[in-house]
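There are 2 protein chains.
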Amino acid sequence: MKRPTIADIAREAGVSKGAVSYALNGQPGVGETTRARIVAIANAMGYRPNTAARALAGGAAKVVGLTLHRPPKTLGVEPFFMELISGLEAELSTHSYGLLLQMVPNHADEIAVYRRWWSDRSVDGVLLCDVRTDDARIDALRELQLPAVVVGPPTASGDLACIWSDDGVSLVEAVEYLAALGHRRIARVSGLSDLAHTAVRTEAFAAVSARLGLTDAVTIATDYTGEGGARATRRLLSSPTRPTALLYDNDIMAIAGLSVAQQMGLSVPADLSIIAWDDSPICRLVHPPLTALSRDIAAYGTHAARLLLAAIAGEPVTSVQDELAHLNPRGSTGPARR
Amino acid sequence: MKRPTIADIAREAGVSKGAVSYALNGQPGVGETTRARIVAIANAMGYRPNTAARALAGGAAKVVGLTLHRPPKTLGVEPFFMELISGLEAELSTHSYGLLLQMVPNHADEIAVYRRWWSDRSVDGVLLCDVRTDDARIDALRELQLPAVVVGPPTASGDLACIWSDDGVSLVEAVEYLAALGHRRIARVSGLSDLAHTAVRTEAFAAVSARLGLTDAVTIATDYTGEGGARATRRLLSSPTRPTALLYDNDIMAIAGLSVAQQMGLSVPADLSIIAWDDSPICRLVHPPLTALSRDIAAYGTHAARLLLAAIAGEPVTSVQDELAHLNPRGSTGPARR
DNA sequence: CTGAAAGCGCTTACAG
DNA sequence: CTGAAAGCGCTTACAG
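If you want it as structure tokens, here you go:
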């Protein structure tokens with residue numbers, strides 16, 4: 000009736016509780032044959048460790064923490080996080096790890112949460128998203144010695160290991176594709192400009208534009224919302240030398256931009272080509288379907304979880320570069336009208 | 000340096016550890032004046048309880064559990080859950096509660112997760128979403144005596160308290176609006192038919208159609224995905240007596256339907272009116288913007304959390320009816336062409 | 001109303 | 001390699 004404890008297993012196996020603990024945790028201090036016997040008995044009894052007891056005694060909490068920024072209007076819209084979480088969880092649960100979620104209004108509160116989690120031992124490690132250049136959270140985490148992995152570019156990760164995808168390369172692929180279609184006036188609608196990955200993209204955009212001699216290449220920074228994307232689009236398309244192609248930093252803004260273009264009487268892709276970064280199912284639902292920079296975000300999450308678990312286990316971890324987002328051409332891009 | 004424990008507070012206050020525990024937890028067993036003094040000292044020392052120790056000693060884990068179904072293709076798309084989670088968390092964190100998230104492939108695994116959480120004491124209660132008529136999870140939860148609240152209609156909640164919104168009323172509002180615009184052939188594209196709230200809507204749709212004498216009122220059940228919505232729409236619009244108005248059970252399907260209609264050369268709303276259930280920002284981004292049944296999903300989550308916390312606290316809880324979704328007319332609906 | 005004590009189920013030095 | 005023991009920080013009967 001009652002769930003078995005290590006004491007029950009110890010009695011059954013005729014050893015001490017300590018021996019059971021060592022055996023089950025793969026620690027030295029018990030012979031291989033006894034270990035095997037103990038593990039067999041534990042399985043037979045359906046033993047599952049009590050996480051609270053383990054955490055209290057200084058062991059692992061078997062929980063990983065993730066903070067999310069309290070919804071700017073985009074949350075609940077950007078599919079990115081939900082997909083990331085889904086991938087994270089897939090990996091975590093195979094290792095019997097839980098995912099603790101907490102909304103935070105800002106970085107200061109986020110750091111306070113980390114501090115509490117750490118002194119509570121309620122999480123064994125955390126994942127850091129949306130890093131900014133010069134992000135205070137990085138130092139705080141290092142100081143706490145809380146195992147952490149950054150989901151973002153190494154340029155902003157400090158000493159922490161990170162998992163990232165080289166957005167610069169993907170951006171160049173997209174711009175070169177547009178250039179090959181004859182576009183000379185290409186503009187970009189970016190997300191929040193203080194995010195590290197936005198900076199990477201902005202830099203790459205400037206570089207490739209210079210290389211290709213695209214003199215009108217501007218970036219308008221927004222807040223990732225549909226409204227922000229619509230406003231930026233309206234402004235760009237109202238220019239006397241309006242661009243013939245637009246690149247958006249997320250799918251929501253691209254869809255908003257498409258709608259604005261159509262309202263302004265422009266035909267996509269005849270008058271204007273559009274590319275979205277991040278390819279959620281919505282991109283295929285609009286008309287015309289959006290050409291997008293796609294990648295497997297759930298897999299990204301899975302790899303992030305794997306890296307974090309390794310860091311928690313005390314293994315030496317180094318930053319890993321994930322698969323690049325690559326261009327998925329659909330109906331929203333076409334040759335530049337001459 | 001080290002975080003203070005009740006032992007530190009007890010020493011400081013000149014009382015026993017037990018007294019501190021009683022004082023801090025609002026339990027009887029300590030006088031009001033001593034209680035006030037102890038609380039003051041605890042605050043001054045920056046005391047925060049260790050959740051692991053508390054859980055181990057049989058107290059509250061201060062964590063609430065939520066399972067999500069491993070992504071059908073809709074996840075990461077339907078904004079509903081992200082908004083719900085955001086609202087949940089807002090309430091939970093003001094009570095120092097955490098939210099533990101776990102993906103599950105099916106109900107059997109979900110029940111196993113509840114069982115584990117319960118014997119672990121790793122959560123104090125759970126929230127149940129997407130209930131089906133005759134849902135095995137309800138019985139399992141009652142058997143475990145795990146405090147739980149259903150996010151869904153009382154018809155499928157068994158003995159559990161639920162928080163719900165009367166979808167039947169909202170559906171009638173939408174259909175009557177269409178009828179007032181002169182529509183006689185109205186069809187509905189529903190979500191998964193075994194979900195309890197789908198059943199509520201389907202029933203209401205049949206009833207109001209009969210009352211208004213709309214003989215062609217059919218419901219096609221899908222899986223909530225854009226593809227499913229597109230397929231259903233194509234089928235409906237290919238009929239010789241095609242409907243002049245369509246009602247979709249979520250925003251994703253409505254957007255897909257809009258796109259299909261436009262591809263088939265129909266003009267919205269001149270040839271076809273469209274209404275979406277659940278009003279995410281995307282509904283305003285497409286062209287024409289979608290008329291939608293809106294409600295504040297984050298508030299819904301907040302209320303759900305409040306109800307669950309009351310249940311956990313052992314207060315008597317009864318099901319509460321949340322705000323109705325109401326019609327938000329936009330460009331996708333108009334008079335029926337005669 | 002208050003205090004001293006046992007116990008929750010683990011982990012980990014510490015002796016053998 | 002193994003065992004006996006202390007301790008993690010709480011809660012809660014149980015005596016006074």
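Chain order of the listed sequences is A and B. The C-terminal residue of the first sequence carries number 337 in numbering that gives the first Met the number 0, and the numbering is unbroken. The C-terminal residue of the second sequence carries number 337 in numbering that gives the first Met the number 0, and the numbering is unbroken. Just so you know, even glycine gets a beta-carbon here, dropped at the ideal spot from N, CA and C.
Taking C-alpha positions only, Thr66/A is separated from Leu140/A by approximately 13 Å. When the Cα atoms are used, Pro315/A and Arg136/A turn out to be separated by approximately 21 Å.
Sequence-ordered contacts of the stretch 217-248 of chain A with chain B read Thr224, Gly225, Glu226, Gly228 and Ala229 [C-beta pairs closer than 9 Å]. By the neighbour-count criterion, in which 16 or more other beta carbons inside 10 Å mark a residue as buried, Gly256/A falls on the buried side.
In this structure, the beta-carbon distance from Gly151/B to Ala178/B does not fall below 7 Å. A Cβ-Cβ contact shorter than 7 Å links Ala275/A with Ala253/A.
Between Thr197/B and chain A, the shortest Cβ-Cβ separation is not below 7 Å.
Counting only unbroken stretches of 3 or more residues, the beta strand (DSSP E) elements lying wholly within the stretch 70-143 of chain B are 97-103 and 124-128, in sequence order. For the C-beta of Gly97/A, the chain B residues within less than 8 Å are, from N- to C-terminus, Leu99, Leu100, Gln101 and Ser121. DSSP places Thr221/B in the coil class of the three-state scheme, outside both helix and strand. At a cut-off of 4 residues, the continuous stretches assigned as alpha helix (DSSP H) that sit fully inside the stretch 185-260 of chain A are 195-211 and 225-236. At a Cβ-Cβ threshold of 7 Å, Gly86/B and Thr218/B do not count as neighbours. Under the Cβ distance rule, Gln261/A counts among the residues neighbouring chain B, one pair being separated by less than 7 Å. Within the stretch 80-94 of chain B, the residues whose Cβ lies closer than 8 Å to some Cβ of chain A are Phe80, Met81, Glu82, Ile84, Ser85, Glu88, Ala89 and Ser92, listed in chain order. The Cβ of Val319/B sits no closer than 7 Å to any Cβ of chain A. At a cut-off of 3 residues, the continuous stretches assigned as beta strand (DSSP E) that sit fully inside the stretch 277-337 of chain A are 290-293 and 325-327. Comparing alpha carbon positions, the residue from Ile110/B, Thr132/B, Ala6/B and Ala297/B closest to Ser20/B is Ala6/B. According to the DSSP assignment, Thr32/B belongs to the alpha helix (DSSP H) that extends over Glu31 to Ala43.
Close to Arg115/B, with beta-carbon spacing below 8 Å, are these residues of chain A in chain order: Arg47. Burial check for Gln144/A: the Cβ neighbour count within 10 Å stays below 16, so the residue is exposed.
In terms of Cβ geometry, Pro288/A and Gly333/A do not form a close pair [threshold 7 Å]. Taking 8 Å as the cut-off between beta carbons, the residues of the stretch 275-291 of chain B near chain A are Ser279, Pro280, Ile281, Arg283, Leu284, Val285 and His286, in sequence order.
Sixteen is the threshold: when 16 or more other Cβ atoms of the shown chains lie within 10 Å of the Cβ of Thr224/B, as they do, the residue is buried. For Thr50/A, the enclosing alpha helix (DSSP H) covers residues Thr50 to Leu55.
Contact of Arg329/B with chain A is not assigned, every C-beta pair being separated by 7 Å or more. Within 8 Å of the CB of Ile254/B, the CB atoms of chain A belong to Ile281, Leu284 and Val285, in sequence order along the chain.
When only Cα atoms are considered, Leu308/B and Ala60/B end up about 12 Å apart. For Val19/A, the enclosing alpha helix (DSSP H) starts and ends at Lys16 to Leu23.
By the CB criterion at 7 Å, Ala18/A and Val29/A fall inside the cutoff. The shortest CA-to-CA distance from Glu88/A to any of Val62/A, Pro104/A and His68/A is the one to Val62/A. Rounded to the nearest angstrom, the gap between the Cα atoms of Tyr96/B and Met44/B is 21 Å.
CA-to-CA, the gap between Leu284/A and Pro104/A works out to about 33 Å. DSSP places Thr154/B in the helix class (H, G or I) of the three-state scheme.
In the three-state scheme derived from DSSP, where H, G and I count as helix and E and B as strand, Ala275/B is classed as strand. Contact between the stretch 320-328 of chain A and the stretch 150-169 of chain A is present: 3 or more CB-CB pairs across the two stretches fall below 8 Å. Linking Ser118/B to Glu82/A through their CA atoms gives a straight-line distance of about 30 Å.
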